Structures are given as C-alpha cells and as structure tokens.
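Residue numbers (the working numbering), protein chains in the order written: chain A, 550 to 814; chain B, 549 to 719.
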C-alpha cells in the first residue's frame, strides 16, 4: 500500500513534521503533537494525505507508529468526569464532607468544594486537576498508613462501576476513560490475576519517588472490582510500581481463603 | 546544627461539641467562632511549627465526635503519631467518655504520645469537672494534662507544642 503513494510537497511536509515529532521531547513534543492533530483534522488536507499518515502509522512503526507510542508514554492529557466524580464521591463517603473538602483545599481545587460534580461520561477534566487531587490524597491520607487510601480505592470502584462488571470490562472502560494513553494488561483473570498498568494515572511517579510501591488507591479499587464480579474476597498486592522506577505498575490479585476471611470478619 | 524536617500526624478526638475544631482553629489560625458547626467526617488542618532546630509540619486530624462516624473512624486513627483527647469541663458525660476514646486510640494507633485536654475552662461558673479529676484520668492514660480555653487561647499553643515535642522525643 505504501508504494502506491506518489510523492508531493505536502506529503514531504508531513514527513518532516513527523521526524521533528519523533525527535522532540517535553513541551515541544506536546506542541507538535497538537499541531499534528490540528493538521490531520484540518479541512485543508485532502483524504489522501490523511490516509498517508494513518497508513504509515499502521505500516511503518519506525515513523509515526513509534512517535505515537512514544507520545503515549506520557500521562493522559485529560480524563473523563466520571472518574473524578467517583473519586470525590468515595472521599465524601469515607472522609465526610469536611474530609473531602480538606483534600480539595490542599490540592488548590477550591472551586470543587461543596459543588456537585456531574458523573458525566461525555465531559472531561484536565489531567492536571485529577493529578492534583491524587497528589493531595497521597500527602494527607497516606502519611504513615495505607489503609485509608486502600479503602478509598474500594469506595471509588463502587461508584465507578456500580454493577459488578468483570475485571476485564472495567479495565477496558478505564483505558477509555483515561483517553487511551494508559496501557493496561490483564495477564490472567481467574482465582488469581495480574494487572499491569503502564502510565498509571494514579501513580505519582515524579512527584513522590518512593522506595516502596505506593498505588494503594488502585490496589483497593482492583480488590473491590474483583470481589464485585465474583462474590469472593480478594487481596491485592502491588509488586512493581512506576513510583520506584519500575517500567510499569503491577498488581497481583489473590483470592483469600475462607479461614482468612472468617478471621477478619 | 542541621535543620530537620518532619511531618507528624496528630489526631484530635473526644465527644461532639467539646471544642476540638475550635482548639485547632485557635492554634492554627488564631481565631475563635462561638457558633457550633459539627465536623462531618474529619477535617485536616496543616500547621507548620518550629521546635528547636526542627521544622515540623503538623497534619491535625479533627475527628468528628458524633456516633454516626463510628464505623469509619478507626481508619482515621491509622498512622497517627500523637493524639490529643479533649473533654468539656462543663459536661461530665464528655469526661466519662474519655476512657472509650483512649481505648480506641490504643487499639488503632498503638501507644503513641498523648495529651488530655480539659477544655472550656473559661466557663468557670458552670464548671463540673475539677482539675484533680482530670489529672487522675491523665495519669491512668499515661498522658500529659492541660487545661485550655479555645475562646481566650489559654494553654492552647502550649498543648500542641508539647505533643510535637513528645513525638520528637520518641523518634
């Protein structure tokens, strides 16, 4: 298919742009990324040129495929409001109105204090806002304990997917709600499961480099999701974590024996 | 000597309306509001403090005293490094509850440094719990004892500074 393309100046411009994209990082990368999206979506560009980009992205990984992959290594740019809303509702239930507001205030998100956030799947919120909330939770709730973050994660899962979807389904939804920039892999899904998350939006990689895995919120959420879908009790242990320099976060989900559950109850 | 930075989580517990929120507001913001507004869940206030060469960031957890929060309250205690138990000297019921609060503290936070605060001592005319009762209770809890007034600020700073010192000594 690629060999059918005839060269023209516009195509070469795209190639140059793609090479720049491939070799730039950080803010410049973001700038060109958006520029490329604008160009691709522009009415000025004919269908053939669009095809060139999309086809090359499919057939020629060294060109745009690699670029898009490298771009996807970034955290998502925005998340769906449903995720933000579920998190605030979970906090409200566990910490009360004052607890939730303390976390929002510390995050500098005063505009959400005492304000209902619609659980819309269509609207989005900037990733920075979500990040500030997670960071604030980690600092205020995670000091000296994992328990509150883990329990917040459980409540969060209940509000996020209240109807007991399977782990696979929730993982698919999460990837969608986070704009597809995160890569979630379910290694197996029966009595035990392993979930790998690359670009974990809940993981405070740069902000809080840690010696120990620190994604207690998502651990709690995964335990709850698994329990909702099976009716059994599970415990989640994070084995690898981006915050301690691992390439991805990895969660191992184990079914709890009836004696363990009885002891706890 | 090098300056050191610490973050301490301190839980402030006791029955509803004993003045926990007012004590924290007096210490952290130097304010006092007479009207009572119950805390819903927990309120987390941050206050920076310098003790000797140590810069301390206090995470003050103002924990709701109302019974409706009993089921989740144990989570708030986790990770606490110090505790302030408060009662109201004008309401004997709040003093009688102190052992229950103390029991919960030991169960969920362990043997952390603690202070017993006899609050509202400015209300001298209607005071019901006397100093000797408070001191006896503090001794049973192995706690320091302070008599405070969030309204006029009596001994409030001293109590919060003391708990910070006690935590520092334990590190």
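Glycine included, C-beta positions come from ideal geometry on N, C-alpha and C. Treat the numbers as computed from the prediction; the structure is a model and nothing was measured.
Proximity test, residue i beta-carbon vs the ligand GTP heavy atom, cut-off 7 Å
i, result
"residue 792 of chain A", "The ligand GTP is not part of the structure shown, which contains no ligands of any sort."
N- and C-terminal bounds of the alpha helix (DSSP H) containing residue i
i, result
"residue 801 of chain A", "Looking at the DSSP string, residue 801 of chain A is not in any alpha helix (DSSP H); the run it does join, the beta strand (DSSP E), is 798–804."
"residue 653 of chain B", "646–657"
"residue 650 of chain A", "630–655"
"residue 725 of chain A", "716–726"
"residue 676 of chain A", "676–690"
"residue 787 of chain A", "Here residue 787 of chain A belongs to no alpha helix (DSSP H); instead the beta strand (DSSP E) covers 783–789."
"residue 701 of chain B", "Note, residue 701 of chain B: premise wrong, no alpha helix (DSSP H); not H, not E."
Proximity test, Cβ basis, 8 Å: residue i and chain A
i, result
"residue 592 of chain B", "yes"
"residue 555 of chain B", "yes"
"residue 630 of chain B", "no"
"residue 560 of chain B", "no"
"residue 627 of chain B", "yes"
"residue 607 of chain B", "yes"
Contact list for residue i against chain B, beta-carbon separation under 7 Å
i, result
"residue 767 of chain A", "Chain B residues near residue 767 of chain A: none, gap ~18 Å exceeds 7 Å."
"residue 647 of chain A", "587, 588, 589, 590, 591"
"residue 700 of chain A", "623"
Residues that residue i contacts on chain B, provided the C-beta gap is smaller than 8 Å
i, result
"residue 651 of chain A", "590, 591, 592, 593"
Beta carbon proximity, residue i to chain B, threshold 8 Å
i, result
"residue 697 of chain A", "yes"
"residue 637 of chain A", "no"
"residue 694 of chain A", "yes"
"residue 689 of chain A", "yes"
Contacts that residue i makes with chain A (C-beta to C-beta distance below 7 Å)
i, result
"residue 620 of chain B", "643"
"residue 612 of chain B", "645"
Length of the line joining the Cα atoms of residue i and residue j
i, j, result
"residue 797 of chain A", "residue 671 of chain A", "28 Å"
"residue 717 of chain B", "residue 598 of chain B", "14 Å"
"residue 622 of chain B", "residue 690 of chain B", "21 Å"
"residue 726 of chain A", "residue 630 of chain A", "8 Å"
"residue 709 of chain A", "residue 583 of chain B", "38 Å"
Residue i: contacting residues in chain A (beta-carbon distance under 9 Å)
i, result
"residue 567 of chain B", "By Cβ distance, chain A contributes nothing, its closest Cβ being about 16 Å from residue 567 of chain B, past 9 Å."
"residue 639 of chain B", "Going along chain A, no residue has its Cβ under 9 Å from residue 639 of chain B, so there is no contact; the nearest lies around 23 Å."
Opening and closing residue of the beta strand (DSSP E) in which residue i lies
i, result
"residue 596 of chain B", "590–599"
"residue 605 of chain B", "602–611"
"residue 555 of chain B", "552–561"
"residue 766 of chain B", "Outside the modelled stretch of chain B, which goes from 549 to 719, sits residue 766 of chain B, for which no answer is possible."
"residue 767 of chain A", "Careful: residue 767 of chain A lies outside any beta strand (DSSP E), inside the alpha helix (DSSP H) at 765–779."
Chain-ordered chain A contacts of residue i [CB-CB under 8 Å]
i, result
"residue 649 of chain B", "Under the 8 Å cutoff, chain A gives no residues; its nearest Cβ is about 18 Å from residue 649 of chain B."
Interface flag, residue i vs chain D, CB-CB below 8 Å
i, result
"residue 636 of chain A", "This model lacks chain D altogether; the protein chains it does include are A and B."
Can we say the region 709–717 of chain A touches the region 767–779 of chain A, given the rule of at least three CB pairs closer than 8 Å?
In short, these stretches touch, since the Cβ pair count reaches three.
Could you check whether the region 637–657 of chain A touches the region 681–691 of chain A, counting it as contact only if at least three pairs of C-beta atoms, one from each stretch, sit closer than 8 Å?
Yes, the region 637–657 of chain A touches the region 681–691 of chain A.
At least 3 beta-carbon pairs within less than 8 Å: the region 693–701 of chain A vs the region 662–670 of chain A:
These segments do not touch.
Between the region 664–678 of chain B and the region 688–700 of chain B, do three or more beta carbon pairs fall short of 8 Å?
In this structure the region 664–678 of chain B lies against the region 688–700 of chain B, because at least three pairs of beta carbons, one per stretch, are closer than 8 Å.
Contact the region 557–574 of chain B vs the region 649–660 of chain B: 3+ CB pairs below 8 Å
The region 557–574 of chain B vs the region 649–660 of chain B: in contact.
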